[in-house]
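Numbering-wise, the sequence shown is residues -28 to -1, 1 to 305 according to mature numbering (1 follows the signal peptide of the UniProt record, and there is no 0). Every residue, glycine too, gets a C-beta built ideally from N, C-alpha and C.
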Amino acid sequence: MLTSRLAGCFLTALIFLFVLLVSRDHYAFIIDTSDGNKISATDPSPPEPVVQQQQQQQQEYRSDVELVVASTAQEDTSWLERYLPEWRAHRYVVNNASAPLTVPANKGREAMVYLTHIIDAYEELPPNLVFVHASRFAWHNDDPDYDALPALRNLRLPHLREAGYVNLRCVWVIGCPSEIRPVEDEGHTNDGAPSAKGVYKQAWGELMPGAPPVPDVVAVGCCSQFAVTRETIQSRPIEDYVRFRDWLLATPLDDSLSGRIFEFSWHIIFGKEAVHCPSAHECYCKTFGICDTVCSDGSCAGRYTLPPFSSLPSGWPRVGWEHEDRNFTGPLD
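Here it is as structure tokens:
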């Protein structure tokens, strides 16, 4: 009987030791939380709180930029959703009163869209906004392929947050270094028709009552595509933007003139000097991270060439002006 009891105890002890060894090996794979979020060498995955924090930071980064898109019903903006799905796009359709987002009147070109969004979203603006046209490929896009996508993908948000406003066009051709001389150009016409240069001084007085006199020189790279921070927009009261839009609604000026007045006023509205023409190298490097190019003051080699026509050829970007294969390597449908 005693022998039987001893054998039973010995068997129980063996079972206990086996369970202990298995438990030790099993728990070697569990995160050691005795030192904060320290991870054991046998577990390569990060602790859950770190994962959640990383995901939260990544999501916040994606949600702190929104696009404001000026478009017509005929334009295809699906490229924005396809290639920039992390940025919410507010597409305004200026010639469709039934569109989810539209404007009070189709006047002033993209300026009416930009002002309408600022007014309607003034209290709920994201940290950063990018104001763009609908077309991905357009003659004025500052890119060797006239492609808007690289500029949006490469936009450096830390620089935007520091600057408050950045133009998406760095090259000086059209706009810099001295596009408009409001006093000297007053009354200027193009073949007898009013010009933006000729009416800028009068428009300034109407848009900026009580502001300093119209600047002697106004210059900025064309063509009304830029990024702005919420703080910069809200540094002006909403009443200013309402007044600007009321002016657009009431002015008898042709859209090409009223829109161009704003094209050469946005940088001033957002706190920059009347002549805002940073060197091309500084602009490309700080705004887009393109720093290894050979530049003059107003351009960098291989970045932008003024095209012979404002309409790009059929088949662009794969097909060029002479029907040649351009060997375009960017993403396309």
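- Remark: fewer than three beta-carbon pairs, one from each stretch, lie closer than 8 Å, so the stretch 203 to 223 and the stretch 262 to 270 are not flagged as touching.
- Cα atoms of residue 57 and residue 205: separation of roughly 24 Å, rounded to the nearest angstrom.
- Burial state of residue 293 is exposed, judged by a 10 Å Cβ sphere holding fewer than 16 other Cβ atoms.
- Here DSSP, grouped into helix, strand and coil, assigns residue 109 to strand.
- In the DSSP annotation of this structure, the continuous segment of the beta strand (DSSP E) that includes residue 39 starts and ends at 37 to 43.
- In this structure, 90 is the residue among 197, 90, 63 with its C-alpha nearest to the C-alpha of residue 207.
- Two segments are said to touch when three or more pairs of C-beta atoms, one from each, lie closer than 8 Å; by this definition the stretch 181 to 197 touches the stretch 240 to 252.
- Closest by C-alpha distance to residue 231, out of 258, 288, 167, 113, is 167.
- For residue 91, the three-state secondary structure derived from DSSP is helix.
- Rounded to whole angstroms, the separation of the alpha carbons of residue 257 and residue 171 is 35 Å.
- Less than 9 Å separates the beta-carbon of residue 196 from that of residue 86.
- When rounded, the separation of the alpha-carbon atoms in residue 100 and residue 243 is 16 Å.
- Distance from the CA of residue 278 to the CA of residue 118, rounded to the nearest whole angstrom, comes to 10 Å.
- Distance from the CA atom of residue 38 to the CA atom of residue 52, rounded to whole angstroms, is 11 Å.
- With a 10 Å radius around the Cβ and a threshold of 16 neighbouring Cβ atoms, residue 108 comes out buried.
- Taking the Cα positions, residue 254 is about 11 Å away from residue 264.
- When 158, 260, 288, 61 are compared, the shortest CA-CA separation from residue 138 is found for 260.
- Here residue 255 carries a helix assignment [DSSP, helix/strand/coil].
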